[in-house]
Amino acid sequence: PLVIQVLIYDCAGNQTIAHSGKIHPAPVQPTPDTLPATPVLSETPPAVPLSKTPDKVKDSQEEDAQEKEPLGNKEHSDLSGAPFQPKPKLPESKRLERASQCFSRGMMYCQQMEWPKAVEAFQESLENNPQSLNCRTNLANALFKMCRFEEALYQYQICLKEEPARSSALFGLAQTQIALKQHQNAQKTLTRLLEQDRRDWQAWLLYGDASQQLGNVSLAVNSWQQAAQGDANIARLAQERIKQYQP
435 PLVIQVLIYD CAGNQTIAHS GKIHPAPVQP TPDTLPATPV LSETPPAVPL
485 SKTPDKVKDS QEEDAQEKEP LGNKEHSDLS GAPFQPKPKL PESKRLERAS
535 QCFSRGMMYC QQMEWPKAVE AFQESLENNP QSLNCRTNLA NALFKMCRFE
585 EALYQYQICL KEEPARSSAL FGLAQTQIAL KQHQNAQKTL TRLLEQDRRD
635 WQAWLLYGDA SQQLGNVSLA VNSWQQAAQG DANIARLAQE RIKQYQP
């Protein structure tokens, strides 16, 4: 049976998950056309290799080594016989310029919500400038939007290894951990974020969500009350959550 899971989210960090019931695909009845052909057994027994003398063994080993050698390595040529030319590396200034162009293209795709194209652009940018944490964070954000949570988690962790206090990576990591149902880890990540800024209302909102999933309702309500002090949109979302537990 198959089960379809749908994750729905918005820019404010709200999300919910819906599941379909079990779907049982109809069995496919084999037809004569689809039945595998009966294998034909060979009447000739396999040949038994003759024992080799030491000289022949040596020759055979050399031949095997030659066969295993990749094409083009010995003479540095390709299949057409033309000399092999390694791809020249661009100068650093050119690579950084290319990285900047790809990053700008990726941000444009993000504005258009074309996440697969954004991922490709950010990946190409990182190939030319692997040290760009800004690009890597945006790559992780785009992967999150595509529900590729494990890959997003990996990219956020790389960012935070280089810059542990990077707030955008901490928030994205917490969102990803909640999506992966790693609620205790999400609480730890959000604690780090709130230690930097106690007025991060979105972080308070997510902290309440993680606490609710762990069954700590009082902590969840307290966190949502903190979030309710924020801007109108965050405050509205926090009040909606609090109402669920008011008598």
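Numbering-wise, this note's numbering comes out as the position in the sequence shown, counting from 1, plus 434.
Cβ coordinates follow ideal geometry from the N, Cα and C atoms, glycine included.
Asked: Min CB distance Ser-566 to chain C below 8 Å; Found: Reference to chain C is not applicable here, since this structure consists of a single protein chain.
Asked: Boundaries (first-last residue) of the alpha helix (DSSP H) holding Pro-550; Found: 549–562
Asked: Buried versus exposed, by CB contacts within 10 Å (16 or more), Gln-646; Found: buried
Asked: Residues of its chain near Ile-451, where Cβ-Cβ distance is below 8 Å and the 5 sequence neighbours each way are ignored; Found: Gln-439, Val-440, Leu-441 and Ile-442
Asked: Contact the stretch 573–592 vs the stretch 601–611: 3+ CB pairs below 8 Å; Found: yes
Asked: Nearest to Cys-536 (by Cα), restricted to the options Ser-527, Arg-670, Asn-562 and Gln-618; Found: Asn-562
Asked: Ser-566 versus Glu-548, Gln-673 and Ile-592, residue with shortest Cα-Cα distance; Found: Ile-592
Asked: Ala-552, buried or exposed, once every other Cβ within 10 Å from all chains shown has been counted against 16; Found: buried
Asked: Three-state class that DSSP yields for Gln-678 in the structure shown; Found: coil
Asked: Buried versus exposed, by CB contacts within 10 Å (16 or more), Thr-625; Found: exposed
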